[in-house]
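Counting from 1 along the sequence shown, just add 9 to a position and that's the residue number in our numbering.
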Amino acid sequence: MRLEGEKLDQYREEITGLCIEELDEDPVRGLIYFGIFEEEESGLELKAVGAVKNYMGSWYLRNQVVKSEYRGRGLQRQLIKEGLEFLADKTDVVRVSVYPENVYSKRNIEAEGFEFEKKKKLKDGKMVLVYKIRLNGNVQN
């Protein structure tokens, strides 16, 4: 489910907390968020969140986080698919960055068809692996 407007405002603090706790980064502006929810007695509970962002003409999957108690259920792959479906009419190439030690995320993005592109050193000195996928069989970027 795409998170926007009041729905995004309702979960913004929780999303920020997840990104800081799990990814060690504060979410950046300009992200388009997607969430996976479960109906609880108290209302909808956020189980996983992911986002997409356009950086200087290139689209990226960002902040793919599954709450620890819901891991191992294929939720990250659902988020990846939802992000790719959203981007299908916007671009032919989508990228995602992942820390080398994050074997579960690497496995999930590779299973969805992403291929390793390059290693990249971030401003904070950390190294990430950049993967990309071509959509609709077209070659660009």
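Think of the CB as a built atom: it goes at the ideal place given N, C-alpha and C, for glycine as much as any other residue.
Tell me, please, which residues DSSP counts as bridged to residue i.
i           : result
residue 60  : 42 and 71
residue 130 : 136
residue 125 : 140
residue 55  : 46
If you reduce the DSSP assignment to three classes, tell me which class residue i lands in.
i           : result
residue 92  : helix
residue 136 : strand
residue 80  : coil
residue 106 : strand
residue 141 : strand
residue 50  : coil
residue 23  : helix
residue 115 : helix
residue 149 : Caution is warranted here: a pLDDT of 43 is assigned to residue 149, below 50, making its placement in the model unreliable, and no coordinate value can be reported.
residue 101 : coil
residue 30  : helix
Can you tell me the Cβ-Cβ gap for residue i and residue j, rounded? I've got them flagged as a contact below 8 Å.
i           : j           : result
residue 59  : residue 96  : Their Cβ separation, rounded to whole angstroms, is 12 Å, which puts residue 59 and residue 96 out of contact at 8 Å.
residue 145 : residue 101 : 6 Å
residue 129 : residue 106 : 7 Å
residue 54  : residue 43  : Between residue 43 and residue 54 the Cβ distance is about 16 Å, and since that is not below 8 Å, they are no contact.
residue 70  : residue 92  : 5 Å
residue 143 : residue 121 : Not quite, the Cβ-Cβ distance comes to about 12 Å (not below 8 Å), so this is no contact.
residue 74  : residue 27  : 5 Å
On a Cα-Cα basis, can you pick out the residue from the options that is closest to residue i?
i           : options               : result
residue 111 : 44, 46, 64 and 139    : 139
residue 41  : 77, 68 and 79         : 68
residue 141 : 125, 135, 131 and 132 : 125
residue 78  : 61, 56, 90 and 48     : 56
residue 137 : 109, 23 and 18        : 109
residue 82  : 50, 117 and 25        : 117
residue 66  : 94, 99, 134 and 19    : 99
residue 21  : 50, 72, 127 and 134   : 72
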